[in-house]
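As structure tokens, the structure follows; a few thoughts come after it.
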Amino acid sequence: MPTAERPTGGGTVPDKPLLRALRGEALRPPPVWFMRQAGRYLPEYREVRARVRDFLELCYTPELAVEVTLQPLRRFPLDAAILFSDILVVPHALGNPVHFVENEGPRLEPVRRAEDLRRLSPDRLLERLQPVFETVRRLREELSGEVALIGFSGMPWTLAAYLVEGCGSREFLLARRMARENPALFSRLIELLAEAVTRYLEAQVEAGAEAVQLFDSWAGVLAPGECARWVLDPARRIVARLRARFPEVPVIAFARGIGALHARYAAEVPLQGVSLETSVPMDWARDSVARPCGVALQGNLDPVALLVGGDGLLAEIEALAAAADGIPWIFNLGHGVLPETPPGHLARAVRHLQSLFGCAN
Ligand code: CP3
Numbered sequence: 003m004p005t006a007e008r009p010t011g012g013g014t015v016p017d018k019p020l021l022r023a024l025r026g027e028a029l030r031p032p033p034v035w036f037m038r039q040a041g042r043y044l045p046e047y048r049e050v051r052a053r054v055r056d057f058l059e060l061c062y063t064p065e066l067a068v069e070v071t072l073q074p075l076r077r078f079p080l081d082a083a084i085l086f087s088d089i090l091v092v093p094h095a096l097g098n099p100v101h102f103v104e105n106e107g108p109r110l111e112p113v114r115r116a117e118d119l120r121r122l123s124p125d126r127l128l129e130r131l132q133p134v135f136e137t138v139r140r141l142r143e144e145l146s147g148e149v150a151l152i153g154f155s156g157m158p159w160t161l162a163a164y165l166v167e168g169c170g171s172r173e174f175l176l177a178r179r180m181a182r183e184n185p186a187l188f189s190r191l192i193e194l195l196a197e198a199v200t201r202y203l204e205a206q207v208e209a210g211a212e213a214v215q216l217f218d219s220w221a222g223v224l225a226p227g228e229c230a231r232w233v234l235d236p237a238r239r240i241v242a243r244l245r246a247r248f249p250e251v252p253v254i255a256f257a258r259g260i261g262a263l264h265a266r267y268a269a270e271v272p273l274q275g276v277s278l279e280t281s282v283p284m285d286w287a288r289d290s291v292a293r294p295c296g297v298a299l300q301g302n303l304d305p306v307a308l309l310v311g312g313d314g315l316l317a318e319i320e321a322l323a324a325a326a327d328g329i330p331w332i333f334n335l336g337h338g339v340l341p342e343t344p345p346g347h348l349a350r351a352v353r354h355l356q357s358l359f360g361c362a363n
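For what it's worth, our numbering labels the leading residue of the sequence shown as 3, then goes sequentially.
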């Protein structure tokens with residue numbers, strides 16, 4: 003299918019389905035991609051992963067990062083590629099040691115006192131992240147037609163949570179405690195990260211990212227007041243700066259777990275898309291987020307439904323499609339593809355979604 007071009011203020015923007023949905027079009031079938039669509043559930047990813055020692059080496063080797071980004075697109079008819087990288091490259095490029103322990107997750111040198119903050123410096127941030135921008139440039143050359151390229155960053159609260167804790171956690175108690183016990187110091191950390199995230203996203207767009215997704219994966223552990231301060235406020239400032247410089251580049255926010263606060267987030271931050279976690283009812287988000295704020299919704303199939311497959315998976319997709327009726331919607335998961343997921347279930351999900359809207363394939 004040829005790519006339609008439509009004129010805009012700054013030239014022509016390709017009419018890719020993902021970008022059209024983010025501009026407010028209720029496309030049916032909706033555009034589709036999956037969070038963590040590149041990853042361990044694919045044998046070809048595991049093969050490339052085995053060639054490098056540290057996971058970060060994969061993120062910083064453009065040839066390999068391009069390859070794993072494209073792997074899911076060779077298998078499934080997806081509408082977007084997401085840059086292969088990780089949210090923790092930002093703390094790493096700020097000079098804080100980060101490494102990944104096999105089967106255990108990330109380990110970071112903890113940042114808990116004023117002295118620890120001195121380790122973080124924005125001076126060489128963009129220089130250290132050059133391989134990521136090179137990956138973005140190569141992907142834009144490789145991707146053709148209808149597939150949009152999404153860049154991303156972790157957001158300050160989630161990055162701070164990993165930095166303070168020093169590893170993953172279910173509750174991030176140390177970070178939540180520091181935010182309340184020493185808000186002045188915590189605020190310095192958040193400010194530093196907000197500046198780094200803004201510059202990082204700007205450089206991804208300059209390299210060729212056509213949309214960006216903001217990952218605040220641990221927003222849901224915060225009380226509403228804390229969420230306003232550490233999640234919404236930085237998002238408002240980061241997105242305002244991005245929109246001022248690149249008004250044509252849509253922004254999707256994934257503030258996982260904030261529930262009813264999605265309505266406030268979308269009202270206060272100039273977003274184009276809201277990515278919903280699995281627990282949010284799509285019909286509530288349609289009426290309370292999408293319609294009043296004029297944003298597209300993305301999500302929010304349960305990754306466990308995708309893993310288990312069968313008739314339950316098909317029924318969940320039908321229920322989502324019914325609840326998203328009439329609004330701009332991007333089909334996705336409520337969180338990332340689980341490593342145990344059979345790849346065939348992604349193909350089945352995409353086929354079923356298309357068949358619901360009379361698209362034979
Ligand atoms: O396909 C894609 O979605 C793009 C790639 C991507 C990765 N991480 C690759 C990855 C993206 C967008 C991320 C974001 C990310 N990283 C988040 C936000 C999204 C979310 O899941 O909530 C977070 C919290 C991280 C931090 C992180 N990275 C953790 C906690 C882990 C270890 C846990 C795990 O799943 O292994 C990682 C490692 C990681 N990032 C892997 C991949 C494919 C697995 C590492 C491996 O292959 O050994």
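Glycine is no exception: its CB is placed at the ideal position from the N, C-alpha and C atoms. Every value quoted in this text rests on a predicted model; they were computed, and no experiment measured them.
task = Sort 352, 308 and 322 by Cα distance to residue 300 and report the nearest one.
result = 322
key: Contacts around residue 265, its chain only, beta-carbon distance under 8 Å, and the 5 residues preceding and following it disregarded   = 290, 291, 294 and 295
ask   = Is the beta carbon of residue 67 sitting closer than 9 Å to the one on residue 86?
value = yes
query = Applying the criterion that 16 or more other CB atoms from any shown protein chain within 10 Å of the CB defines a buried residue, is residue 103 buried or exposed?
reply = exposed
inquiry  = Within the continuous alpha helix (DSSP H) that includes residue 109, where are the two ends?
reply    = Here residue 109 belongs to no alpha helix (DSSP H); instead the beta strand (DSSP E) covers 107-110.
query = residue 228: which of 64, 213 and 184 sits nearest, CA to CA?
reply = 184
inquiry  = Give me the DSSP bridge partner(s) of residue 57.
reply    = According to DSSP, which records beta bridges pairwise, residue 57 is partnered with nothing at all.
task = Assuming residue 287 and residue 278 form a contact by the criterion Cβ under 8 Å, report the distance between their Cβ atoms to the nearest whole angstrom.
result = 6 Å
ask   = For residue 361, which of helix, strand or coil comes out of DSSP?
value = coil
task = Please look up how many angstroms separate the CB atoms of residue 149 and residue 225, rounded, as I've assumed it's under 8 Å.
result = Going by Cβ atoms, the distance from residue 149 to residue 225 rounds to 40 Å, so no, they are not a contact pair.
ask   = Which same chain residues, not among the five before or five after residue 137, have their C-beta less than 8 Å away from its C-beta?
value = 64, 67, 68, 71, 85, 86 and 87
ask   = Do three or more CB pairs link the stretch 154-161 to the stretch 196-216 at distances below 8 Å?
value = yes
ask   = Closer than 8 Å: is that where the CB of residue 230 sits relative to any heavy atom of ligand 1?
value = no
request  = Using a threshold of 9 Å, state whether the C-beta atoms of residue 273 and residue 213 are closer than that.
outcome  = no
task = Out of 17, 24 and 18, point me to the one whose CA is closest to residue 330's CA.
result = 24
query = Tell me the DSSP bridge mates of residue 347?
reply = Answer is none; residue 347 lacks a bridge partner.
Residue 133 versus 17, 33, 92 and 108, residue with shortest Cα-Cα distance = 92
request  = Going by CA-CA distance only, name the one from 260, 166, 232 and 73 that's closest to residue 111.
outcome  = 166
task = May I have the straight-line CA-CA distance separating residue 340 from residue 171, to the nearest angstrom?
result = 18 Å
query = Given that a residue counts as buried once 16 or more other Cβ atoms are within 10 Å of its Cβ, and exposed if not, what is residue 208?
reply = exposed
ask   = So, are the CB atoms of residue 336 and residue 303 less than 9 Å apart?
value = yes
message = Within the continuous beta strand (DSSP E) that includes residue 218, where are the two ends?
response = 213-218
query = Starting from residue 227 and walking both ways along the alpha helix (DSSP H), at which residues does that stretch end?
reply = 226-229
ask   = What does residue 101 pair with, by DSSP beta-bridge criteria?
value = 109
query = For residue 77 versus residue 348, is the C-beta spacing smaller than 9 Å?
reply = yes
key: Same chain, Cβ closer than 6 Å to residue 168, neighbours up to 5 away in sequence not counted   = 110 and 112
key: Cut-off 8 Å between Cβ atoms - residues of its own chain near residue 60, not counting five sequence neighbours on either side   = 50, 51, 54, 66, 67, 70 and 86
request  = Report all residues from its chain with a CB closer than 6 Å to the CB of residue 317; omit the five preceding and five following residues, and keep chain order.
outcome  = none
request  = Just the C-alpha distance for residue 447 and residue 324, rounded to the nearest angstrom, thanks.
outcome  = Nothing about residue 447 can be read from this structure; the chain reaches only from 3 to 363.
ask   = So is residue 20 buried or exposed if we call it buried at 16+ other beta carbons inside 10 Å?
value = buried
task = Would you check if the distance between the CB atom of residue 338 and the CB atom of residue 305 is smaller than 9 Å?
result = yes
query = Which residue from 188, 131 and 276 puts its Cα closest to that of residue 218?
reply = 276
message = On the DSSP bridge list, what partners appear for residue 303?
response = 335
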